[in-house]
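Asks:
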Amino acid sequence: SKREFVVKEDKLHQYSKDWGVMYMISEIAVIFGPVIGGLLIKLSIFHSALITFLMQFIGLCLAVVIVATLDKKEKLKVDSSVIYKFNLFSEMKYWLHLLKKLNTLIVASIALVFVESAFWTIGGLLGLELFGKQSYIDWIVILVYSIPIIIGGIIVSKLGIKTGKKRLYLASMLVGGIFLAALLFTKDKYSVLLVVFLSSLSLSFAWPLNEAVFSDLLERLNGSKQHLIGLNLSTGSLAYIIGPIIIGYLSDKFGYLATLGIVGIIVSFVAFILMFTTPNKLRLPQKDIGLLENNSQ
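With my numbering, you'll find the sequence shown wraps up at 301, consecutive numbering, no jumps.
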C-alpha cells in the first residue's frame, strides 16, 4: 500500500510533502486519461486498439527500466515474523475501536470522496449541458476540476507542512464546499468553470493533507497499521459506491449544476461541524487493539 510505503520509507515531517507529490503525479494521469480515451473513441477499432497496445508496451518498457535501475542492495524483504490472518468478524472489532477515536477523520475522508464521485459521475454530463453535444470541450468541467489538484499538490509538497494538518485540511474543505455551493446561484457557463476551479483549488490541499494525517496515525500504530489501512480503504470504497447513487438521484431531481451545489452545501456543513468536534490530538486505542491481537493469537 502507498500509505505503508510512505510511513516505512520516509520521516514523519515529510508525509505532507510525499502525498503532495503523489497527488500531483496521479492527477496528471487522471487529466490525460479521459482526453486520450475520448480521442480513441473517435478512431476506428483497429487504430484505437493499436494505439492502446503501443501505450501499454511503452508502459511495460518504462517499468522494466525502473526495475533494472533499482539499487540491488536495497532489496525488499518480507518480515517472516509477522503473520497476519484475516478474519472479517475480528477485523470489524478492530474497526469499531478505531471508529470510536477517529470517527471525525473518517467522516471527513468520506466527504472528500463524495465530492470526487460527484464530479466523475456528472462532470462530463454537465460539460455537455453547458457547451452542447457538438462541442469538442464537453470534458472541460472534469479538466477544470482536475488541474487545481495538481497545483495544490505542488504547493503542499513545497510547503512540507508539519503541524496543524487537520485544521488546515478541514478549512480547505470548508472553503471548497462554499465555492461549490455557489453553483446554485451561477448560471453563466464560464462563471461555472471559474467557480469549479476555485472550489477544486481549495479542496486540493485537503487530499494530500488528509493522507498525511492518516500516515501520522499509521506511524503511531506501529505493527497494527493494517487495521487502519483496511478501515480507510473500506470506508472510501463504500463512499465511491454510495456516492454515485446519491448523485444520480439528486441530478434527476434538481439537475447537474444544482446537484454540485447541494454537494457543496453538504461538504461545507460537514467541514464546519468537524472543525469544532475534531480534537487537536487524536488518541488511538493501542491498548484495545493490543488486547484483541493477543486474544486472536
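We put the CB at the ideal spot given by N, CA and C, even for glycine.
#1: Just reading off the alpha helix (DSSP H) that Thr-263 is part of, what are its end residues?
#2: Which class does Phe-249 belong to by DSSP, given the choice of helix, strand or coil?
#3: Is the Cβ-Cβ distance between Leu-174 and Ile-165 less than 8 Å?
#4: Can you tell me which of Lys-285, Leu-278 and Leu-116 puts its alpha carbon nearest to the alpha carbon of Thr-108?
#5: Could you tell me the distance, in whole angstroms, from the CA atom of Thr-56 to the CA atom of Leu-232?
#6: Under 8 Å, do Ile-159 and Ile-32 count as touching if we go by C-beta distance?
#7: Mark Val-200 as exposed unless 16 or more other C-beta atoms lie within 10 angstroms of its C-beta, in which case mark it buried.
#8: Let's see if you can read the secondary structure: which residues bound the alpha helix (DSSP H) around Trp-211?
#9: Put Leu-163 into one of helix, strand or coil per three-state DSSP.
#10: Would the beta-carbon of Leu-184 fall within 8 Å of that of Val-267?
#11: Going by Cα to Cα distance, which pick from Ile-110, His-51 and Ile-70 is closest to Gly-240?
#12: Tell me whether the beta-carbon of Gly-180 lies closer than 8 Å to the beta-carbon of Ser-203.
#13: Count Cβ pairs between the region 122-138 and the region 260-275 that sit closer than 8 Å; are there 3 or more?
Replies: Per the coordinate set shown:
#1: On the sequence shown, residue 263 is found 259 positions in, with the first residue counted as 1. From DSSP, the alpha helix (DSSP H) with Thr-263 extends over 260-281.
#2: Position 245 of the sequence shown, counting from 1, holds the residue named residue 249. Note that residue 249 corresponds to Ile in the displayed sequence, not to Phe. Helix at Ile-249.
#3: Position 170 of the sequence shown, counted from the start, is the residue given in the question as residue 174. Position 161 of the sequence shown, counted from the start, is the residue given in the question as residue 165. Going by C-beta atoms, Leu-174 is not nearer than 8 Å to Ile-165.
#4: As a first step, residue 108 must be located in the sequence shown, where it is residue number 104. For Thr-108, the closest of Lys-285, Leu-278 and Leu-116 by C-alpha to C-alpha distance is Leu-278.
#5: Stepping through the sequence shown from its first residue, residue 56 is reached at position 52. Stepping through the sequence shown from its first residue, residue 232 is reached at position 228. Approximately 37 Å between the Cα atoms of the pair.
#6: Working through the sequence shown from its first residue, we reach residue 159 at position 155. Working through the sequence shown from its first residue, we reach residue 32 at position 28. Not a contact, by the Cβ cut-off of 8 Å.
#7: Residue 200 sits at position 196 when you count from the first residue of the sequence shown. Here Val-200 is buried: its Cβ has 16 or more other Cβ atoms, across all protein chains shown, within 10 Å.
#8: Walking along the sequence shown from the start, residue 211 turns up at place 207. Element bounds for Trp-211: 210-225.
#9: As a first step, residue 163 must be located in the sequence shown, where it is residue number 159. Assigned with DSSP and collapsed to three states, Leu-163 falls in helix.
#10: As a first step, residue 184 is located in the sequence shown; it is residue number 180 there, counting from the start. As a first step, residue 267 is located in the sequence shown; it is residue number 263 there, counting from the start. The answer is yes: Cβ separation under 8 Å.
#11: In the sequence shown, counting from the first residue as 1, residue 240 sits at position 236. Taking only the C-alpha atoms, the option nearest Gly-240 is Ile-110.
#12: Here the question's residue 180 lines up with position 176 in the sequence shown. Here the question's residue 203 lines up with position 199 in the sequence shown. Cβ distance < 8 Å, so Gly-180 and Ser-203 count as in contact.
#13: yes
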